[in-house]
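Notes to accompany the following structure.
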Amino acid sequence: DTLVQIFDETKPFTPGNVLANGGFEDSLTGWNIWPTDLTNRSIEKTGNDIYSGTAGTDTVTALNGSYMLKTWGQNNGADNTTPSYYEGDTKAGMNYAFGGYGNTFSPDSLKDKSQAWLQIKFFDANWGELAGGTSDTLSAASAPNKWHFLRTSAIAPEGAAKVQAVIVHGQSAANDGGSVYWDDMNLSVLPSKIAKYSTGTRHVNTGDLDGDGKQEVIFFKGVDQPNDPNAGLYVYEADGTDNGFSEVWHVNLHAISDDSMGWGRTESFTVGDIDGDGLDEVVYSMNGASTGAADKSNPYSEDRFYIVGVKGDIGGALPPTLVEEYAVATRDGNKDNVRENQFGGGSPQSVVIADTDGDGKLEAACFSWNNHALFFIEATGADTYAVSDTTSFHKFASRDDFTFNPAAIDMDGDGKDEIYSAAYYSKKLYVYADTDGDALTMSADEAAVVAMGPQFGVAAVQTVKDHGAGYFNMSPYGVPTLFAGGSTGSELTKVTLKEGASVLGGPSSWDVVVYNTGNHGAGFVNKPVAGVDFNRNGRGEVVLNMMSATDGRTQIQIMEYSESSVKLSVDRELTIITPEDYKLNQNYPNPFNPTTTIQYTLPMRDKITVTVYNMLGQEVVRLLNNEEKPAGTYQLSWNGMDKNGVQVSSGMYIYSMSSPHMRKTMRMTFLK
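Residue numbers 1 to 672, in the working numbering, belong to the letters of the sequence shown in order.
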């Protein structure tokens with residue numbers, strides 16, 4: 001029973017890079033300099049000698065790829081700064097983050113007062129400079145021969161028309177020496193304003209809220225709904241192009257609430273068509289004030305669970321509206337501003353959608369921070385919901401406790417989902433399973449301990465999705481599986497139900513494996529991600545995202561099942577696969593008669609088509625037709641015959657290798 005690590009990522013995460021040449025592999029393309037006649041920068045290649053060093057011994061090595069940018073002072077006897085920059089249009093409110101790596105190699109490391117840093121600069125339409133952002137600096141005190149990560153962020157102020165991402169090299173009048181090498185520069189942009197709450201977005205989900213078949217990216221940010229106009233729900237809808245999205249649709253949650261809602265943090269949320277009306281809803285937990293402040297109706301506790309839906313078309317000509325379909329407070333079930341703790345009380349924490357009683361009506365399983373309390377909201381029809389007024393909650397823990405991310409899955413195959421949650425303080429994995437056929441009536445005999453130890457989020461896997469190539473069981477087990485996150489040294493626990501055992505039978509009903517994935521410094525796995533075969537090799541992966549990780553230590557690990565009996569070890573590094581990783585070689589011989597060989601290389605399992613065309617673009621023959629092949633290098637032969645078995649004429653032909661992910665072409669010549 002083995003998991004093998006195939007990816008171990010320690011770099012800081014950065015969103016999509018808008019710099020086309022952030023790694024300088026395309027020389028200085030896109031990188032301007034001011035004044036334009038300055039010459040104190042160059043593109044250097046791995047293996048090049050370092051200035052004033054020993055030739056062939058003191059050499060540079062790029063962080064990634066083969067090339068990097070080198071900058072140094074102007075040596076003009078005056079204080080000087082040299083900016084190398086990317087430039088683009090912007091508008092007020094655009095939020096930018098600019099980062100990258102700098103290395104001051106010895107013996108040409110920075111000397112005396114020489115410094116280097118990153119900046120984000122904004123300008124108005126007349127090139128008047130506005131407020132921007134500045135990173136930490138590299139200086140003579142910076143450790144040489146080490147790639148230092150620098151980063152700055154800034155929001156475009158009112159009147160901004162241009163933005164520059166700038167690498168700056170500064171030198172004093174003493175002509176202080178030293179140079180800096182730059183690599184892996186990244187500029188990311190979010191076209192929405194930052195909310196005031198410092199901890200930012202906690203969860204991101206996807207769904208189709210308006211039912212138009214276009215998926216949306218959905219998240220919350222901010223807490224002070226009345227006083228922070230940037231707080232609330234954010235939605236980006238896919239526009240049908242590759243990585244293209246609509247303008248952001250933002251709704252402040254204070255504006256949509258049927259009752260008063262002021263300060264509230266969205267602890268967790270899920271997306272799904274809970275009421276069966278063909279439109280996804282957002283079910284979220286709002287951790288607010290224990291009592292409400294009236295501004296629309298009678299006040300009641302702001303500690304609530306909400307179910308909201310969309311009316312209208314996201315991304316359409318007219319903005320849609322967000323509609324509250326249901327809301328309930330854990331402390332104040334009848335909304336009279338008196339705490340009776342009808343649903344267990346406490347601050348709302350986590351929520352998951354399930355069908356626990358098997359009646360075809362979905363429920364929202366709602367957890368709060370009060371003895372790990374659970375209650376249910378059941379959808380009884382379109383936009384219609386019910387809760388119980390008796391025996392309406394269950395407390396798992398004997399002390400104040402909570403769960404990060406619960407999961408719903410039918411582990412025993414009885415047609416009813418169970419709810420699995422890990423208690424943070426109690427360090428126990430619990431199960432709740434309905435036994436009376438009614439999700440809204442709850443009793444202690446419907447709950448049990450699954451395992452000791454897990455305390456963070458839970459992921460549930462029934463089948464594995466491999467990006468469009470079909471479903472298959474989680475190899476090698478072929479049974480429903482739970483994964484629970486842990487802290488450093490025990491980041492992952494795998495749980496499966498023993499054959500014929502009851503889910504309510506206690507720890508003896510379960511097979512539990514704890515994986516020690518290494519000592520990575522501080523950090524914990526808030527919620528593992530499982531159920532996808534990322535590299536399409538027939539085995540499902542589990543992604544561990546380390547929260548609160550020590551700087552420079554592991555932040556993301558990807559684990560994969562191995563049928564070998566070796567202990568957990570680093571098997572290979574999983575790199576991001578791009579079309580450039582697919583190789584189509586020049587045919588040989590070329591020119592040819594009567595046959596030639598075409599060689600190609602696949603970085604992952606894929607469905608491949610190889611076709612020969614004439615110079616008019618007409619298909620001559622298909623040598624390989626949508627055939628699935630694992631990663632590897634392959635060869636094909638062509639004998640100069642077309643698809644009808646007729647010898648082609650002498651001349652030039654195009655051969656193409658294509659898959660759903662890429663297309664490559666080359667030319668070859670046939671001679672009679």
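Every residue, glycine too, gets a C-beta built ideally from N, C-alpha and C.
What is the rounded straight-line gap between the Cα of residue i and the Cα of residue j?
i, j, result
"V328", "N545", "32 angstroms"
"E44", "F592", "40 angstroms"
"S475", "G540", "A caution first: S475 carries a pLDDT of 39, below 50, which makes its placement in the model unreliable, though a value can still be read off. In a straight line, the C-alpha of S475 is about 7 angstroms away from that of G540."
"G178", "A125", "36 angstroms"
"L63", "D26", "15 angstroms"
"P229", "L253", "10 angstroms"
"W31", "N205", "36 angstroms"
"L69", "K629", "39 angstroms"
"A484", "T54", "53 angstroms"
"V163", "S656", "40 angstroms"
"T611", "N625", "8 angstroms"
"T82", "T57", "29 angstroms"
"V251", "G316", "15 angstroms"
"A677", "T380", "Absent from the model: residue 677. The displayed extent of the chain is 1 to 672, so no value can be given."
"S569", "F149", "Confidence in S569 is poor, its pLDDT being 34 and thus under 50, which makes the residue's placement too unreliable to answer from."
"E418", "V621", "54 angstroms"
"S392", "L374", "9 angstroms"
"D436", "E378", "15 angstroms"
"Q635", "G244", "36 angstroms"
"D434", "G222", "36 angstroms"
"V431", "A141", "55 angstroms"
How many whole angstroms separate the CB atoms of residue i and residue j, which I take to be in contact at a CB cut-off of 8 angstroms?
i, j, result
"L602", "A631", "5 angstroms"
"I461", "P480", "Per the sequence presented here, residue 461 reads as Val, with Ile not at that position. Rounded, the Cβ-Cβ distance is 7 angstroms, consistent with contact."
"G309", "D383", "7 angstroms"
"V180", "G102", "5 angstroms"
"Y67", "F24", "5 angstroms"
"W34", "G100", "W34 to G100, Cβ: 19 angstroms. No contact."
Among residues of its own chain, excluding the 5 on either side of residue i, which ones have a beta-carbon nearer than 8 angstroms to its beta-carbon?
i, result
"H467", "Confidence at H467 is low in this model, with a pLDDT of 39, below 50, so the placement of that residue should be treated as unreliable; the coordinate-derived value is given next. Closer than 8 angstroms at Cβ, skipping near neighbours: V532, D533, F534, R536."
"N371", "G344, G346, K395, F396, A397, S398, R399, D400, D401"
"L318", "G312"
"Y653", "V612, Y613, N614, M615, V620, R667, M668, T669, F670"
Please work out which residues of its chain come closer than 6 angstroms, Cβ to Cβ, to residue i, disregarding the five sequence neighbours upstream and downstream, and give them in chain order.
i, result
"V512", "A451, V495"
"Y477", "Reliability fails at Y477, whose pLDDT of 46 lies under 50, so the model's placement of it is uncertain and no value is given."
"V323", "G309, K311"
"A501", "S509"
"A408", "V352, A354, D417, I419"
"N21", "T29, G30"
"F123", "E129, K162"
Ignore the nearest five residues each way along the sequence and tell me which others in residue i's own chain have a CB closer than 7 angstroms to its CB.
i, result
"A152", "One detail in the question is off: residue 152 reads as Thr in this sequence, not Ala. Same-chain partners within the cutoff: F98, L118, Q119, I120, G133, T134, S135."
"Y647", "Looking at the sequence provided, one finds Gln at residue 647 rather than Tyr. So the list reads G640, M641, once near-sequence residues are dropped."
"K567", "Confidence at K567 is low in this model, with a pLDDT of 32, below 50, so its placement is unreliable and the value that follows should be read with caution. Answer for K567: no residue qualifies."
What is the DSSP secondary structure of residue i, reduced to helix, strand or coil?
i, result
"H203", "coil"
"A444", "helix"
"E580", "helix"
"P83", "strand"
"K465", "With a pLDDT of 47 at K465, under the threshold of 50, the modelled position of this residue cannot be trusted; read the value that follows with caution. Three-state result, K465: strand."
"L253", "helix"
"S388", "coil"
"S139", "coil"
"H148", "strand"
"I654", "strand"
"P630", "coil"
"S637", "strand"
"S509", "helix"
"A294", "Note that A294 scores 40 on pLDDT, short of 50, meaning its location in the model is unreliable; the coordinates nonetheless yield the value given after this. Three-state DSSP puts A294 in coil, outside helix and strand."
"D606", "strand"
"T665", "strand"
CB residue i to CB residue j, shorter than 8 angstroms?
i, j, result
"S443", "S350", "no"
"D357", "D303", "no"
"L209", "F220", "no"
"G264", "Q215", "no"
"T46", "A160", "no"
"Y582", "M668", "no"
"I307", "V271", "no"
"A156", "L187", "no"
"V697", "I314", "Given a span of 1 to 672 for the chain in the structure shown, any question on residue 697 remains unanswerable."
"G486", "P454", "yes"
"G211", "G278", "yes"
"A694", "F305", "With the chain running from 1 to 672 in the structure shown, residue 694 is simply not present."
"L492", "V542", "yes"
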